[in-house]
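Note sheet for the following structure.
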Amino acid sequence: MTAVAEKRKTRPFGLVIAAVGIPAFMGALDNLVVSTALPVIRTELGASIADLQWFVNAYTLPFAAFLLTAAALGDRIGRRRMYLIGIAVFTAASAAAALATEPWQLTAARAVQGLGGAAIAPLSLTLLAAAVPDRLRNAAVGIWGGITGLGVALGPVIGGAVVDGLTWNWIFWVNVPIGVGALVLAAVVLDESRGGARRLDPLGLLLSSSGMLLLIWGIVDGPDRGWTSGRVPVMLTAGAALLVAFLVWQSRNPAPMLPLGLFRSRSFSLVNVVTLTFSAGAFGSVFLLAQFFQVVQGLTPLESGLRTLPWTAAPMVVAPLAGIFGARIGLRNLVVAGQVLLAAGILWIGLATSTDAGYGDFVGAFLLAGIGMGLTFAPISTITLASVSEQQRGVASGANNTIREFGVAAGVAVLSSIFSSHGGFTSGQDFVDGVVPAVLAGAAILAVGAVVATRLPAKI
Numbered sequence: 001m002t003a004v005a006e007k008r009k010t011r012p013f014g015l016v017i018a019a020v021g022i023p024a025f026m027g028a029l030d031n032l033v034v035s036t037a038l039p040v041i042r043t044e045l046g047a048s049i050a051d052l053q054w055f056v057n058a059y060t061l062p063f064a065a066f067l068l069t070a071a072a073l074g075d076r077i078g079r080r081r082m083y084l085i086g087i088a089v090f091t092a093a094s095a096a097a098a099l100a101t102e103p104w105q106l107t108a109a110r111a112v113q114g115l116g117g118a119a120i121a122p123l124s125l126t127l128l129a130a131a132v133p134d135r136l137r138n139a140a141v142g143i144w145g146g147i148t149g150l151g152v153a154l155g156p157v158i159g160g161a162v163v164d165g166l167t168w169n170w171i172f173w174v175n176v177p178i179g180v181g182a183l184v185l186a187a188v189v190l191d192e193s194r195g196g197a198r199r200l201d202p203l204g205l206l207l208s209s210s211g212m213l214l215l216i217w218g219i220v221d222g223p224d225r226g227w228t229s230g231r232v233p234v235m236l237t238a239g240a241a242l243l244v245a246f247l248v249w250q251s252r253n254p255a256p257m258l259p260l261g262l263f264r265s266r267s268f269s270l271v272n273v274v275t276l277t278f279s280a281g282a283f284g285s286v287f288l289l290a291q292f293f294q295v296v297q298g299l300t301p302l303e304s305g306l307r308t309l310p311w312t313a314a315p316m317v318v319a320p321l322a323g324i325f326g327a328r329i330g331l332r333n334l335v336v337a338g339q340v341l342l343a344a345g346i347l348w349i350g351l352a353t354s355t356d357a358g359y360g361d362f363v364g365a366f367l368l369a370g371i372g373m374g375l376t377f378a379p380i381s382t383i384t385l386a387s388v389s390e391q392q393r394g395v396a397s398g399a400n401n402t403i404r405e406f407g408v409a410a411g412v413a414v415l416s417s418i419f420s421s422h423g424g425f426t427s428g429q430d431f432v433d434g435v436v437p438a439v440l441a442g443a444a445i446l447a448v449g450a451v452v453a454t455r456l457p458a459k460i
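Residue numbers (full-length UniProt numbering): 1 to 460.
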């Protein structure tokens, strides 16, 4: 073992977790924290409905499109360096968002936030794997999964609480001192590492980022603008063509940013399929079900967010336990169990949803779905890292995160289209008529993922 490796493995475990967990928490939190503040922001900034959509999409689009690019840049210029750049960009953009006085200013700041988040998400996991001893890696990844899951869970709740108690600007101001502290901590605690290739791949960066941006943009716009007319089919076609060109270029480039040989690994290929079905089925359903209590029962966004906590907060507890006991129980067994429980929970919700359904009809299903998500987060990340060499972990994490974000966008778009074709927002019954078939479709997608998960190797 080298002196550097020895030094790395003696870092205090808690400091390492904090150095990667705090920025990952901020990035996950800001996916949804703005959602509950939208009505107030609309009034104070004089924003239109289109502006409100862009306050959300301006973050998610660059975040999803540049995950792989950020991971590839980290492999070349240094993962720690790229990670620190991501934290700095995210923090500065949070301050800009808090200072926004016009809708376009908030949209621009959110887009820059998304770029910073794209560097944080994949590299935090890669740096964590490199900073802890092998015997602690599964537990560390489990804790990391719980922290990021907590960010997703608390986004709507924190957003609602901050808006009720302060002003909407504080959902962004709170990131600034936390981001500065995280930047200093990461700079002190984490060591530098790089991937295998040293040369940049400018054409690959351009093709992958522009292709993902157009493809996800088209998917996000599809339910509202229509799938067969206007700009949506153009963006989808152009995005798919650019990604095909990217894959062709990667197969010929001697120093590719995404080595296609990664997919020769059975576990890596299958875990990415499970990631796709998991994110599409689960988050597509969450997107619709989070609105049930507001539309049908007339509750506030904060009240709705609190009622879904048995689902969204359960991964915070279960994911670390899955990381700790994953090697003993078997990572494949955990993923299969997680997908089965998640599919069963969402199926239960779909069958129980009606205009006169009470909160008690959903609590058990929410808890079941939350446990399923918690059993999935950490093992998927661990399998992804274990399926490749240490030098390939950065790009592998970037690819897995990209597929996850694509799945979220695709799941929301597809289930929203099913919802729109069967119902709408004109009444509580109209909403139920649309949400039931959409959620049942989400359960079916998760069931497919459970079947695929059974094909994962028993030992990774």
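Glycine included, each C-beta is placed from N, C-alpha and C at the ideal position.
I'd like the span of the alpha helix (DSSP H) that includes residue i, first residue to last.
| i | result |
| --- | --- |
| T69 | L67 to I77 |
| A314 | A314 to I329 |
| W168 | First-last for W168: undefined, no H or E at that position. |
| S124 | P103 to A131 |
| M373 | G360 to A386 |
| S397 | R393 to H422 |
| L185 | N175 to V189 |
| A447 | G428 to A453 |
| Q294 | F292 to V295 |
Counting contacts by CB-CB distance shorter than 7 Å, is residue i in contact with chain B?
| i | result |
| --- | --- |
| W54 | No chain B appears in this structure, which consists of one protein chain only. |
Closest to residue i by CA distance: which of the options is it?
| i | options | result |
| --- | --- | --- |
| N57 | D433, S387 and W217 | W217 |
| L127 | G74, R110 and L106 | G74 |
| L270 | I171, A238 and R332 | R332 |
| V317 | G226, M373, L207 and S267 | M373 |
| P23 | F55, A187 and G345 | A187 |
| V363 | L309, P379 and G222 | L309 |
| A70 | L115, I178, V388 and S421 | L115 |
| A131 | V40, L106, V189 and V184 | V189 |
| S265 | L247, A386, G345 and L206 | A386 |
| R42 | F419, T167, V16 and A72 | T167 |
| V335 | V295, A399, F377 and D433 | F377 |
| L440 | L347, S417 and D430 | L347 |
| W311 | F425, G323 and I349 | I349 |
| F292 | Y359, V232, G27 and A238 | Y359 |
| residue 493 | L106, A280, S381 and I77 | There is simply no residue 493 to check, as the chain begins at 1 and stops at 460 in what is shown. |
| L68 | G394, V451, F419 and A409 | G394 |
| A64 | A410, D430 and L321 | A410 |
| T277 | F66, D30 and V340 | V340 |
| V451 | M26, H422, G338 and F172 | G338 |
| S267 | V141, I380, A369 and L446 | I380 |
| G27 | G239, T101 and I120 | I120 |
| E303 | L367, V157 and A343 | V157 |
| D430 | V174, S193 and V295 | V295 |
| A245 | V274, M212 and T228 | M212 |
| L207 | P177, G442, G117 and A240 | A240 |
Run the CB neighbour count on residue i, radius 10 Å, all protein chains shown included, and call it buried at 16 or more, exposed below.
| i | result |
| --- | --- |
| A5 | Only weak support is given to the placement of A5: the predicted model assigns it a pLDDT of 43, under 50, and the value that follows is read from those uncertain coordinates. When all chains shown are included, A5 counts as exposed. |
| T355 | exposed |
| G14 | exposed |
| K7 | Confidence at K7 is low in this model, with a pLDDT of 45, below 50, so its placement is unreliable and the value that follows should be read with caution. By the 10 Å Cβ count, K7 comes out exposed. |
| D134 | exposed |
| W54 | buried |
| V435 | buried |
| E390 | exposed |
| W104 | exposed |
| R110 | buried |
| V33 | buried |
| P223 | buried |
| L375 | buried |
| L99 | exposed |
| P320 | buried |
| S427 | exposed |
| P259 | buried |
| E44 | exposed |
| T228 | exposed |
| A255 | exposed |
So is the beta-carbon of residue i under 6 Å away from any non-hydrogen atom of the ligand NAD?
| i | result |
| --- | --- |
| R328 | Inclusion of the ligand NAD in the displayed structure is not the case, the ligand content being empty and no account of it being possible. |
Taking only runs that begin and end inside the segment 193–237, name each unbroken alpha helix (DSSP H) of 4 or more residues, in chain order.
202–225
My parser needs the alpha helix (DSSP H) runs of 4 or more residues fully inside the segment 251–281; what are they?
Correct list: empty.
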